[in-house]
Amino acid sequence: MTADEGTGIVHQAPAYGEDDQLLCSAQGIPTYVSVNERGQFNSVVAPYEGQHVFDANKPITQDLKSAGRLFRQASYEHSYPHCYRCKNPLIYKAVSSWFVETTKLRDRMLELNQQINWVPEHTKNGSFGKWLENVRDWAISRNRFWGAPIPVWKSDDPKYPRIDVYGSLAELEKDFGISPSDFHRPVIDELVRPNPDDPTGKSMMRRVPEVLDCWFESGSMPFAQVHYPFENQEWFDTHFPGDFIVEYVGQTRGWFYTLHVLSTALFDRPAFKNAISHGIVLGNDGQKMSKSLRNYPDVNEVFDRDSSDAMRWFLMSSTILRGGNLAVTEQGIREGVRQALLPLWNSYYFFSLYANASSYQASPSYGSQDLLDRYILSKTHQLIVSVQADLDQFDSYQASAKVREFAEVLTNWYIRRSRDRFWAGDKDAFDTLYTVLEATLRVVAPLLPIVGEEMWRGLTGGRSVHLEFWPEAEEFPIDSDLVRDMDAIREAASVALSLRKAAGLRVRLPLSELTIAVDAADSLARYSDLIADELNVKKISVVRATDEVAKQFGLTKTLTVNARALGPRLGKAVQDVIQQAKAGKWELSGQGVMVGTTELFKGEYEVALQANSSDGTAAGVTSNGFVLLNLVVTEELEQEGIARDSIRHVQQARKDAGLDVSDRISLTISSDPATLLALTKHSDLIGQETLATQLQLIEGVGSLPVGESAQIMIELSKQ
């Protein structure tokens, strides 16, 4: 009701509105229910008794008009509740109910809530804690036919009041002399007996007509499922409270709540030890999932195309298990396939391919002294420890992130950097990869139970990964210094590759020089050959990262303010911050940046390095320094790039021909004279990389692109 509507007087109907009843009760105004269960007026409004409330609108209006009390008559549209099944309008009215006096349990429920480990943690004192703080008495009865009958028998004569509450079949049989064949209506309602408190013997004890709220039954699940306390007392005592429960956040007012109420009242204990209250799964349009709108991917198509593990990973790796909402999209599901399933599967496939080709039977091994072996063994140690810690805290989001990061290291660093060793049949390489894969598949089994099982059984020949113990991290040697250095190298390589990509320079094209500036320059310098090979760069320089060094290389730092992220916090002041940043009035400070007197936090800004583009260099920032890449391509570099492009085409042709990785070939490459000159200069490299024992280079027309504009044609045969 607004100030410019109606007469200025607002009517209160305590029998037909919760707010009205609360206000009237506070003022001592009684509640009169004037409508019966059929929606008809009763004797409280005698002139209209028996008339349906909607049918009575016209005679009531007419009577008011005749009495001169009608202020105005009008029709208008407004929202009104309707039955979702029969579509008829509903009447919101007060009814007599049975209650659990939960207000008396409030303080104890709040205390016991502190014993529960909630995920996300803010649910404890947030949505669930606030609900408990504002708890009201719980109406546990419903006026329906179907449901669990309330076990209360009441005298049918108010002159001789009596109420009996039954707690067991034995108690019913004792009072009524028979055991009911069915505890539901109408059979249970047939149990009637004389009222023991009526000396006339005329009044009878009859069951009250209400049934229990289904949430009361849900809240009884822990003990009702095992027929406690009538049976299984020992089992219940050792299994209650439950270890774990998961439901969406709305159940803080539903199942979580009713479990907590009954457990507090009956056992003075929480009903569960650990709880995940996840967010809401939404359709691909960000709205509630709807069968009629079909705003979500067909789950059967997802399973057939991407596997059930793809859907599982999509959910388990998302923030929905931290209480956030999640829109289900095919793109999101397939991104999980790309980030986790494919890297792990490709690693397993790579091992199987090379092990089978070499007829090598790998075995667990933890003692290799090879640099990359020691690194991946150390990373596996970290994976086991960190994922176990995350899963112990029911944080599948972080656990999935650790697996995803490890899969990237395993596939795109360790295996790729060790490929030559596998070609050569290196025992340490095979045994190390086998050991790492076997342990990794045990780690990912809870997150990828189907695909993980397939890979583990194929790798080991064992019965099931789910029958195995969690891997022992202590078996994997840890070299923290090596991990620190190698992670720094990987980061520098990643930044350098992004600079290549931004400049449109393919990885197979060698470049002349890369400078890496880091804090631990002395430690990283010994890895120069590895970095050069990874990035296809001829010379690697590692220097200590300082502002003076950056200036020597002609680099300047720039700060870009993220106005969209910062705006909600600073409002109009964000424009002043942007101007100061452009003027260079800023400096790095701890984990953030100070712009004038304003501190910016991660996500509200981006620091970048700007190189002097006139000398053909590009710069990028790392977490503790920068990299500087020379982008100038000489004729010699371009010729080697053509050779490496050709090698890639030959490798694809080998694969298309179904050759084993160890098969030797006879190879002929046709192209124009300039391209043949480049290939001739690098014929030894081509033969070595493609296992070509015979190599012919002849003039001809090709169709496979190499270099900037050249083309080649390939012919090969198995030797």
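Position one of the sequence shown corresponds to residue 1225 (the working numbering), numbered consecutively onward.
The beta carbon of each residue, even a glycine, is placed where N, CA and C say it ideally should be.
Since the model is a prediction, treat every value here as computed from it, not as a measurement.
- In terms of Cα proximity to residue 1541, the closest of 1294, 1615, 1473 and 1487 is 1615.
- Relative to the Cα of residue 1797, the nearest Cα in the group 1820, 1776 and 1582 belongs to 1820.
- Scanning its chain for C-beta atoms nearer than 6 angstroms, with the 5 sequence neighbours on each side dropped, one finds around residue 1886 the residues 1581, in chain order.
- By the Cβ test, the region 1628 to 1639 is not in contact with the region 1730 to 1748, since fewer than three Cβ pairs between them sit closer than 8 angstroms.
- As the crow flies, the alpha-carbon of residue 1762 is around 6 angstroms from that of residue 1735.
- For residue 1399, the enclosing alpha helix (DSSP H) stretches over residues 1393 to 1400.
- Selection 1803, 1473 and 1752 evaluated against residue 1345 yields 1473 as nearest (Cα-Cα).
- A check of alpha carbon separations from residue 1422 across 1413, 1354 and 1379 identifies 1379 as the nearest.
- Between residue 1943 and residue 1905, the CB-CB gap reaches or exceeds 9 angstroms.
- In the structure shown, residue 1749 adopts helical secondary structure according to DSSP, grouped into three states.
- Per DSSP, reduced to three states, the secondary structure at residue 1930 is strand.
- Within the same chain, and ignoring the five residues on either side of residue 1920 in sequence, the residues whose Cβ sits closer than 6 angstroms to its Cβ are 1892.
- As summarised for the region 1306 to 1353, the continuous beta strand (DSSP E) elements at least 3 residues long and confined to that stretch are 1341 to 1343, given in chain order.
- Counting only runs of 4 or more residues that sit fully inside the region 1267 to 1306, the alpha helix (DSSP H) segments are 1281 to 1290, in chain order.
- For residue 1340, the closest of 1451, 1501 and 1842 by C-alpha to C-alpha distance is 1501.
- When only Cα atoms are considered, residue 1645 and residue 1915 end up about 15 angstroms apart.
- If the five residues before and after residue 1784 are omitted, its C-beta is found closer than 6 angstroms to the C-beta atoms of 1830, all from its own chain and listed in chain order.
- 9 angstroms or more divides the Cβ of residue 1641 from the Cβ of residue 1715.
- In this structure the region 1544 to 1553 lies against the region 1505 to 1515, because at least three pairs of beta carbons, one per stretch, are closer than 8 angstroms.
- The beta carbon of residue 1856 sits closer than 6 angstroms to the beta carbons of 1840 from its chain, once the five residues preceding and following it are set aside; these are given in chain order.
- If you look at residue 1497, you'll find it in the beta strand (DSSP E) that goes 1496 to 1502.
- Residue 1652 is positioned such that its CB atom lies closer than 9 angstroms to that of residue 1593.
- When DSSP states are grouped into helix, strand and coil, residue 1567 belongs to the helix group.
- If you draw a straight line from the Cα of residue 1527 to the Cα of residue 1873, it is about 34 angstroms long.
- Note on geometry: alpha-carbon atoms of residue 1667 and residue 1565 lie some 14 angstroms from one another.
- In the DSSP assignment, residue 1812 falls outside any alpha helix (DSSP H) and within the unbroken beta strand (DSSP E) covering 1810 to 1813.
- Note on geometry: alpha-carbon atoms of residue 1284 and residue 1256 lie some 19 angstroms from one another.
- In this chain, residue 1724 is not harboured by any beta strand (DSSP E); it is covered by the alpha helix (DSSP H) spanning 1704 to 1727.
- Residue pairing for residue 1551: DSSP places it in a beta bridge opposite 1506.
- Taking 9 angstroms as the cut-off, the beta carbon of residue 1894 is found closer than this to the beta carbon of residue 1923.
- DSSP lists 1502 as the bridge partner or partners of residue 1472.
- Taken through DSSP and simplified to helix, strand or coil, residue 1795 comes out as helix.
- The beta carbon of residue 1514 lies closer than 8 angstroms to those of 1507 in the same chain, with the five residues before and after it left out.
- Rounded to the nearest angstrom, the gap between the Cα atoms of residue 1392 and residue 1683 is 56 angstroms.
- Burial is judged here by how many other beta carbons sit within 10 angstroms of a residue's own beta carbon; residue 1314 has fewer than 16 and is exposed.
- The alpha-carbon separation between residue 1769 and residue 1717 amounts to approximately 16 angstroms.
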